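The numbering of the sequence shown is our numbering, which starts it at 171 and goes up by one. Ideal Cβ positions, reconstructed from N, Cα and C, are used throughout, including at glycine. It should be emphasised that the depicted structure is a prediction, and the values quoted were computed from it without experimental measurement. Input: a single structure, listed below in structure tokens.
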Amino acid sequence: MEFRLLGAVSVVTEVGDLPLGPAKRRSLLAALLLRSNHPVPVEALTDALWDQEPPPRARSVIQGHVSRLRSLMSDAGAGMYGVELVTQGAAYVLRMPESLLDAHRFEELVALARGQRAAGDAVAMYQEALALWQGPALTGAYRSAPLQSAAHALEELRLTTVELLAEAYGQLGEYARAAALLRAEAAAQPLRESLSAALIRVLQQAGRRSEALDWFHRTRRLLAEELGVDPGRELADAYAVVLRGDDCTAPPAVPAAPAAPPEPRPAPPVKTAPPETVDLLPRVPRGFHGRAEELAALDRAATGEAPVCLVTGPAGVGKTALVVHWAHLNRDRFPGGLLYADLRGFSDTPEAEPAEVVREFLLALGVGPRRIPESASGASALFRSLAAGRELLVVLDNAPGSAQVQELLPGGARCVTVVTSRHRLPGLIASDAARPVPVDVLGPDDGTALLAGVLGAERVRAEPGAARRLAELCGGLPLALRVAAARLTDQPEWSLSTLSGELSDESRRLGLLDVENTGVRAALRLTVRRLPADAAHHFARLGRHPGTHFDRYTAAALAGTDPAAAEAALERLAAAHLVTRAAPDRWTLHDLVRLYARGLDADPDTLVRALDHSVATALAAADAAEPGDESCFPLPDDHHAPREIRRFTGRDEAMAWYESEREGLTLAAVAADAAGLHSRTWRLVLGMWPQIVWRVREGWSPLLGTALAAARADGDLRAQSRILALLGWVLTEEGRVPEALAHLEAAPVLAARAGDVRAQATALVNLSLAQAALGSPQEAAQECADAARLARSAGDPYTERLALYHLTRHHLDCGAWKAALVTVAAAQKLDEAADTSVAGRVLLIAAAGEALLGMGDEAGGAARLREAADTAEACGFDDGVVRALGVLLKVPTAADPQLQERYDNALARLQSRP
């Protein structure tokens, strides 16, 4: 299986291309491939599929396309290749080996070619890379702004590669091939001056001077006519070479001795050593692996006039190794010298003074110690003066801030500066147009390969599963992987499985990933030490958060502050790469960073504050999702009320929050249960009831079982009855009816003992569902009738309407059409008083439609069912769409291909949910 972006967007298999269908689906696939193995939010996909205002059902359209892509790839055996399209919160991730994507292989081949010393080897690799192109990038995709930008970036890289291939041809003396290659591209891109300049130089080298002059004048006229500009420096320089008649292939001529001594000239202000290539780089890093994407990004960033490349990432991610490796690969580009300085921004030793660094650079460039100005400004000016005429690489490692870097920039047009830092340094981006090159942790494959490079391939091949698990436990952090490899080397009797088992214990993991003064804990300590006090306070509390992500409200609750202060602290932490912004107001912590932060927090109430914040927010979401419902439980007496919680404007926003926070709420309940906080455990689970009801068939029974055990341990009868009723309903929907019956028969008894009439009525309704499933519709109808009377006596129209709806369902199952229609009409009269949710209204309308069909009124029944399906589709209630259309499609007069397609799409969305 192969994924292609360099040409038509396509998926190629052994039996041919997959039928991807319309341009929107190709566009969605392209957007996922451009960010493969990373979450792509629905908002980003929407931008890729629509330039203008997206349609109201944009999310549903995207879900439909995702479902179809999953089906196509599954049928093609994508799983065999490690390809998987998964849902991750409000985003999608296309997980796949990067080698399956042509764009990745292209960039990797180009990076390898640029590292070859032999021109012949470079030519072969450049040719192989360019052969991957089958036409303009992203052909067949919708030309939205994000995709056009991506296609332009790929095309720029292709043209740069063409120029590099021509240069390699010239090094081999194959000027005719170079000229033919460049002429074709220059004709297609007549305003790209670098192509025309390269062609002019090659024609001159081939002895075709008149053609070179003709091409220059042609390009000059086009620039003037189309853009109103004169040729740039590169094109003008190439023209000057032609006018002088220089033979670029011949060695420089030795000038004749002058007839008389030249007149004396003033001595230069500074005497330098003979011109030699200065090299202050550290040695080539050992065991370096992968990073093809970052190396290619550095190549792109290090182009143009005096570029400043800013390589950023968290502690231990391998920024220095990446930059030094890249510098050694590209050393031939910098005959003027390679300078390196560790600015010690994150070290136990004092930071390097800019004046000290400039002095070292001047000494390396051949300036005598006595000729270096004493003032810092004078030394910096001399450094800039010397650098101005050189092709120089300056690496400034471990920069603590923008100001220190700005004093060390060489400024020469042909100089390249590469800066590494754990901070994002936005000041350097603003002042000097620094080009960011972010570095993230390694994926499992590259992490395993790094282990193999240090330990030996045989040892990793002997335990591939343990090696991959070890890479995961190290979080893909190269520093952690190297420390783990050092432990295994020091303890040869340990297997990889042994160390993986040891690292699985979170309380010991950071200790095992430290050796001597090197390790994750030591690196993070140096980063945290530079934080202001408020950011450090928030950081320590974040370690106690039980979920995988958090927002500013959660961070504020953990730290006992307000959301504004928490957001400011999170921004500082993100700038230091201690937290990562995954989406607007959605942040994450690396596992090892989380463990380190947890070790900084000694406040025993931090976890309780986090749990109580989740409980309070879940109650607010339930109130917005089901506004006619009463609060499902009171808060505990010792509840820690957060200063502020997220507010929800309506059901859609609340249900979206439930969807994105399902994993976080589940982890919070697990953490509460592990800590013996029973009153929080069952409240967290019961607070999720609107989502449980909405997604009833999504495996809730284990979590509800945990909540039931906690409610029993807490001695709360009201909670027990409600959880039993909810668990019994879930088990009934899962087909485990006898097991459900045991819970449902106990629920109304406990509710009656607790004096909770509403819970008693709800339990009777759920009990009726199990009885109906066991073939006792009369008993089921009686339970619903009793539930409706109980709810009416308690003045609870919400539960009364629920009981009447299920009574209607039992009448429909028995074929009592008229009784069903009368009952559903009574339930619909309660809608306004009960403030029924959209889902409830959909189900009532569909039930009325079924009753009318049963009575022989096909037109009236079909109209009601269509209304129910349209309403359900508009609010994303796929279960309601499937129920309504499933009945409607059985009516012969309602046969409609569009209805079938809508039904299939809704069913696919239901089945694709995790």
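Taking the beta carbon of T442 as the centre, do at least 16 other beta carbons fall within 10 Å, making it buried, or is it exposed?
What you label residue 442 is simply residue 272 of the sequence shown in a count that begins at 1. Confidence at T442 is low in this model, with a pLDDT of 38, below 50, so its placement is unreliable and no value can be given for it.
Write down the C-beta distance between L1058 and L1035 rounded to the nearest angstrom, noting that I regard them as a contact closer than 8 Å.
The residue you call residue 1058 lines up with position 888 of the sequence shown. The residue you call residue 1035 lines up with position 865 of the sequence shown. Correct: roughly 4 Å between the Cβ atoms.
Unbroken alpha helix (DSSP H) run spanning L983, endpoints:
Here residue 983 refers to the residue found at position 813 when the sequence shown is read from its first residue. According to the sequence provided, residue 983 is Asp. The question's Leu does not apply to it. 967-984 is the extent of the alpha helix (DSSP H) around D983.
Could you check which residue in L499, G1010, R390 has the C-alpha nearest to that of R1053?
Within the sequence shown, numbered from 1, the residue matching residue 1053 stands at position 883. Out of L499, G1010, R390, G1010 has the C-alpha closest to the C-alpha of R1053.
With F516 as the anchor, note down where its alpha helix (DSSP H) starts and where it stops.
Your numbering for residue 516 matches position 346 in the sequence shown. It is not in any alpha helix (DSSP H) - F516 carries neither H nor E in the DSSP assignment.
Just to confirm, is the Cβ distance from R275 to L499 under 8 Å?
Counting from 1 along the sequence shown, the entry for residue 275 is found at position 105. Counting from 1 along the sequence shown, the entry for residue 499 is found at position 329. No, the Cβ-Cβ distance between R275 and L499 is not below 8 Å.
Identity of the residues DSSP links to R174 by a beta bridge:
In the sequence shown, the residue the question calls residue 174 occupies position 4. The partner list for R174 (beta bridge, DSSP) reads S180.
Determine contact between the region 288-299 and the region 326-338, defined as no fewer than three beta-carbon pairs at a distance below 8 Å.
yes
Got a sec, what are the start and stop residues for the beta strand (DSSP E) A752 sits in?
If you number the sequence shown from 1, residue 752 lands on position 582. Start and end: 750-753.
Anyone know if the C-beta pair for E831 and P733 falls short of 8 Å?
On the sequence shown, residue 831 is found 661 positions in, with the first residue counted as 1. On the sequence shown, residue 733 is found 563 positions in, with the first residue counted as 1. Contact flag unset, no.
Mind checking whether A950 and S963 have CB atoms under 8 Å apart?
For the purposes of this step, residue 950 is taken as residue 780 along the sequence shown, with counting starting at 1. For the purposes of this step, residue 963 is taken as residue 793 along the sequence shown, with counting starting at 1. Cβ distance not < 8 Å, so A950 and S963 don't count as in contact.
Specify, as a first and last residue, the run of the beta strand (DSSP E) that C585 falls within.
For this step, residue 585 is matched to residue 415 along the sequence shown. Here C585 belongs to no beta strand (DSSP E), and DSSP marks it neither H nor E.
Is the region 379-390 in contact with the region 403-411, if contact means three or more CB pairs nearer than 8 Å?
yes
Using the three-state DSSP reduction, which class does Y251 fall into: helix, strand or coil?
The residue you call residue 251 lines up with position 81 of the sequence shown. Looking at Y251 - three-state DSSP - the assignment turns out to be helix.
With 16 other CB atoms within 10 Å as the buried threshold, where does L373 fall?
Here residue 373 is taken as the residue at index 203 of the sequence shown, counted from 1. Result: buried.
Please state the DSSP three-state secondary structure of H719.
Residue 719 sits at position 549 when you count from the first residue of the sequence shown. Residue state, collapsed to three classes: strand.
Give me, in chain order, the residues of the same chain whose beta-carbon lies closer than 7 Å to that of E970; leave out the 5 immediate sequence neighbours on both sides.
Here the question's residue 970 lines up with position 800 in the sequence shown. Taken in chain order, the residues that qualify are A958, A961, R962, L1000.
Hey, could you find the ends of the beta strand (DSSP E) V143 is sitting in?
No information on residue 143 is available, as it lies outside the stretch 171 to 1084 that the chain covers here.
Nearest-angstrom Cα separation, counted from S667 out to L334
For the purposes of this step, residue 334 is taken as residue 164 along the sequence shown, with counting starting at 1. For the purposes of this step, residue 667 is taken as residue 497 along the sequence shown, with counting starting at 1. For L334 and S667, the distance between alpha carbons rounds to 46 Å.
Under the rule that 16 or more other beta-carbon atoms within 10 Å means buried, what is V454, buried or exposed?
For this step, residue 454 is matched to residue 284 along the sequence shown. Classification of V454: exposed, given that the 10 Å Cβ count is below 16.
Beta-carbon proximity of L765 to L680, cut-off 8 Å:
On the sequence shown, position 595 is the one that residue 765 refers to. On the sequence shown, position 510 is the one that residue 680 refers to. Result yes, Cβ atoms of L765 and L680 sit closer than 8 Å.
Using the Cβ count rule (16 or more neighbours within 10 Å means buried), how would you classify M250?
The residue given as residue 250 occupies position 80 in the sequence shown. Label assigned to M250: exposed.
At least three beta-carbon pairs within less than 8 Å, the region 615-631 to the region 596-607:
no
Assuming C954 is part of the alpha helix (DSSP H), what are its boundary residues?
Taking the first residue of the sequence shown as position 1, residue 954 is located at position 784. That run of the alpha helix (DSSP H) goes 947-963.
To the nearest angstrom, report how far apart R979 and L770 are at their CA atoms.
The sequence position of residue 979 within the sequence shown is 809, counting from 1. The sequence position of residue 770 within the sequence shown is 600, counting from 1. Between R979 and L770, the C-alpha separation is close to 57 Å.
Report all residues from its chain with a CB closer than 7 Å to the CB of L651; omit the five preceding and five following residues, and keep chain order.
Taking the sequence shown and counting its residues from 1, the one referred to as residue 651 is at position 481. Around L651: G617, L620, L621, A641, C644.
Which of helix, strand or coil DSSP assigns to P438
Within the sequence shown, the letter at position 268 stands for residue 438. Only weak support exists for where P438 lies, its pLDDT of 33 falling under 50; the coordinates are left without a value.
Measure from the C-beta of R979 to each C-beta in chain B and report whether the shortest distance is under 8 Å.
Reference to chain B is not applicable here, since this structure consists of a single protein chain.
Proximity to L175 [Cα-Cα], best of L239, Q1070, V685, A320:
Along the sequence shown, one-based indexing puts residue 175 at 5. Nearest option by C-alpha distance: A320.
Select from R695, D1040, E561, D755 the residue whose C-alpha is nearest the C-alpha of D518.
Counting from one through the sequence shown, the residue named residue 518 turns up at place 348. It is R695 whose Cα lies nearest to the Cα of D518.
Beta carbon of R229 nearer than 8 Å to that of V212:
Counting from one through the sequence shown, the residue named residue 229 turns up at place 59. Counting from one through the sequence shown, the residue named residue 212 turns up at place 42. Yes, the Cβ-Cβ distance between R229 and V212 is below 8 Å.
Quick one: Cα of L972 to Cα of Q998, how far?
Here residue 972 is taken as the residue at index 802 of the sequence shown, counted from 1. Here residue 998 is taken as the residue at index 828 of the sequence shown, counted from 1. For L972 and Q998, the distance between alpha carbons rounds to 10 Å.
Run of the beta strand (DSSP E) containing T482, from where it starts to where it stops:
Looking up residue 482 in the sequence shown gives position 312. Note, T482: beta strand (DSSP E), 478-482.
Let me confirm a value: V653 is counted as buried when at least 16 other C-beta atoms fall within 10 Å, else exposed. Which label applies?
Translated into positions along the sequence shown, residue 653 becomes position 483. Under this definition V653 is a buried residue.
With 16 as the cutoff for other CB atoms within 10 Å, does S677 come out buried or exposed?
For the purposes of this step, residue 677 is taken as residue 507 along the sequence shown, with counting starting at 1. Under this definition S677 is an exposed residue.
For R853, which residues from the same chain have a beta carbon less than 7 Å from its beta carbon, with the 5 sequence-adjacent residues on both sides left out?
Within the sequence shown, residue 853 is the residue found at index 683, counting from 1. Result list for R853: V785, F803, in chain order.
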